[in-house]
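Per the working numbering, numbering through the sequence shown is continuous, rising by one, with the last residue being 537. In this text, a Cβ means the ideal position worked out from N, Cα and C, and glycines have one as well. Quick caveat: nothing in here was measured; it's all calculated off a predicted structure. A short write-up of the structure that comes next.
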Amino acid sequence: MRSFVYRNNTVEPFFAGWDVCFSGYDDISFVDPTTDNYIWFYQIPFKFEREKLIEEIVAWEDKLDLLLTQIPSYKNLIVISLVDLAPFRLTESDWSVYNVIERYNRHIQELSGTYPNVKVLDFSDFTSRYSSEQLVDWRFYFISQMGLNPKLVPAFSGWLREKMRGVKLQRKKCLVLDLDNTLWGGVLGEDGIQGIQIGGDYPGKAFLCFQEGLVELTKKGIILAICSKNNEQDVLEAWEKNPFIKLTREYISAYRINWQNKADNIRELSQELNIGLDSFVFVDDNPGERELVRQMLPMVEVPDFPRQPYMLPMFLVLLNDSYFKVYSVTDEDEKKVEQYRANANRVREQSKFSDFNEYLRSLDMELKITSLDEFNVSRIAQMTQKTNQFNLTTHRYTEPDLRKFASEGWLIYCLSVKDKFGDNGITGAILLKPHSGAYEIDTLLLSCRILGKGIEHAFLSVILNILNQKGIRELKAFYMPTEKNAQVAFFYDKAGFSLDAQDSLGNKSYLFIIKEKRIIESYYNCLLYTSDAA
């Protein structure tokens, strides 16, 4: 991804290895139309003349506002907040520079609330890790106009890459947790329900703090699972009877509590939750268990566990920053735990029926198809970044990409699914690209948690009916194989598309001639919230 950096001093070394171009110092006269995103990285110069410094910072607000009017709304502007790396005050009561910096940072936060393509990164998140002496090397400051110490290049580059991943909504999905000496102190089977250390004095209060933080992760859409060598009944009883345990069963989407090896248990959890192993992070206090999972499941992230319980709060911060933190979360993210639990109820319900159609009819499904808008663009972008299994082409897009496509005449729809067990939220999307007076399916994806009920075919049928209503008679489609999407290799064949070409790598192109309206089973109650009719 190519970036264009607006700066007021020397920052080139901090972007070594990036595909990036730079403005002149304090120059916003050029807006590169070929770049994928823009980065605003201004730094406060050191000046004894405080009034001139204040005037300079105030002027940056106007420059940033002006630049924003020149940048396409479908491209992100990443704004790094201001931090005074070498603060200086003539008197203790002089807060003038501090106040103008605070005003500037409030201003960019307000811009991010008004303009969806403005993303603000808190520079103090990085600078707070270092002392003033470490942040500035005065030799380089005066010789090369380099505000930030060049010794911090590797650390800054890593920090910024991590933040950019968050902007692109890339994160792990599931945190798998051990129990004994991980979520509480002691061994449940030996110490008993009342004997384990949770709450109260140290170390119990440290474990309690850790659990409280984990509960907050579930509220932001992180799936929690348990993988523990224990007697299942003992754990169920502890969840029910120990009043200090905050991370109770209601927050757990799946668990394996037995004496099998943990690598096999994690494989089973992956199948039950229907998410890839590369979406997992495994936390266990036992170094032997961690090494087993690292060796047998190298795609699972296995961080080292803190040596002492008092390190647990910062360990959770590290987990969040390294694996789960994104720029923002969607409503669907916050409902994840509830949705996975509802899916388990659907599986149990299916076992009651001998006729699959009767089972589908009993679900009272509602499929809502909605055009791209400001309420769903973030979720659609997120799905293109995260969905791997039911994804015909696995193209990755950002919110600015989607806005650009819409401005170019693409048809973009998302699918929301709910039934009597709960609301899955937005779990499908299709991107139709204009092509020679017709359209081609650039992207078709669905979340794995709604599969197995024919919803994917109903969704496609609705889209075909929309195109039919528009007078479109030809539709192209593609399948591009990856390591994870083999299950959809013949989706278009089953949907009635004609294979047009196939290469030696397995890439396939299809053609569908739209002749008539597709009939959709009545138990798929399809609702359209678009400008189209079907």
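With a 10 Å radius around the Cβ and a threshold of 16 neighbouring Cβ atoms, tryptophan 162 comes out buried.
The DSSP-derived three-state label of tryptophan 98 is coil.
Judged by DSSP in its simplified three-state form, alanine 480 adopts strand.
Counting only runs of at least 4 residues, the segment 134-166 fully encloses the following alpha helix (DSSP H) elements, listed from N- to C-terminal order: 135-138, 141-147. Each of Leu418, Asn427, Asp281 was checked against the Cα of methionine 299, and the nearest Cα belongs to Asp281.
Per the coordinates, the alpha-carbon of arginine 259 lies some 6 angstroms from the alpha-carbon of asparagine 268.
Collapsing the DSSP output to three states places alanine 461 in a helix.
By the CB criterion at 8 angstroms, glycine 425 and phenylalanine 462 fall outside the cutoff. In the three-state reduction of the DSSP assignment, proline 301 falls in the coil class, being assigned neither a helical nor a strand state.
Note that the segment 184-199 touches the segment 231-250; at least 3 beta-carbon pairs, one per stretch, sit closer than 8 angstroms.
Selection Glu361, Asn488, Ile466, Tyr326 evaluated against isoleucine 225 yields Tyr326 as nearest (Cα-Cα). The three-state reading of DSSP puts leucine 88 in coil, since its state is none of H, G, I, E or B. If you draw a straight line from the Cα of phenylalanine 500 to the Cα of lysine 479, it is about 9 angstroms long.
When beta bridges are read from the DSSP output, tryptophan 63 appears opposite no residue.
Straight-line spacing of the CA atoms in methionine 368 and glutamate 271 works out to 28 angstroms. Residue state for tryptophan 43 is assigned as strand, using DSSP reduced to three classes. The C-beta distance from aspartate 237 to leucine 191 rounds to 5 angstroms, short enough to fall under 8 angstroms.
With 16 or more other Cβ atoms inside 10 Å of its own Cβ, serine 273 counts as buried. Under DSSP, glutamate 369 takes part in a beta bridge, and its partners are Lys421, Asn528.
A distance of 8 angstroms or more separates the beta carbons of arginine 406 and serine 464. Residue environment analysis places tyrosine 527 among the buried positions, since at least 16 neighbouring C-beta atoms fall within 10 angstroms of its C-beta. With a contact defined as Cβ atoms closer than 8 angstroms, cysteine 417 and asparagine 379 qualify at about 5 angstroms. In the displayed model, tyrosine 495 falls within a helix according to three-state DSSP.
Using a Cβ-Cβ distance cut-off of 8 angstroms, the segment 136-146 and the segment 285-295 are not in contact, since fewer than three pairs of beta carbons, one from each stretch, lie closer than that value. Residue burial is scored here from C-beta neighbours: tryptophan 187 has at least 16 other C-beta atoms within 10 angstroms and is therefore classed as buried.
Taking a 10 Å sphere around the C-beta of alanine 228, we find 16 or more other C-beta atoms and assign the residue as buried.
If you look at asparagine 268, you'll find it in the alpha helix (DSSP H) that goes 265-276.
Within a 10 Å sphere around the beta-carbon of alanine 489 sit fewer than 16 other beta-carbons, which makes this residue exposed.
In the three-state scheme derived from DSSP, where H, G and I count as helix and E and B as strand, valine 170 is classed as helix. Per the coordinates, the alpha-carbon of methionine 386 lies some 22 angstroms from the alpha-carbon of valine 123.
Here alanine 504 is exposed: its Cβ has fewer than 16 other Cβ atoms, across all protein chains shown, within 10 Å. Contact check for valine 86 against threonine 37 fails: the beta carbons are separated by 8 angstroms or more.
Ranked by Cα distance from asparagine 323, the options Asn471, Gln112, Lys166, Ile444 are led by Lys166. If you draw a 10 Å sphere on the C-beta of isoleucine 74, you find 16 or more other C-beta atoms in it, and that means buried.
Proline 119 is a Cβ neighbour of glutamate 377, given a cutoff of 8 angstroms. Across the structure, cysteine 24 and leucine 435 are spaced so that their CA atoms are roughly 32 angstroms apart.
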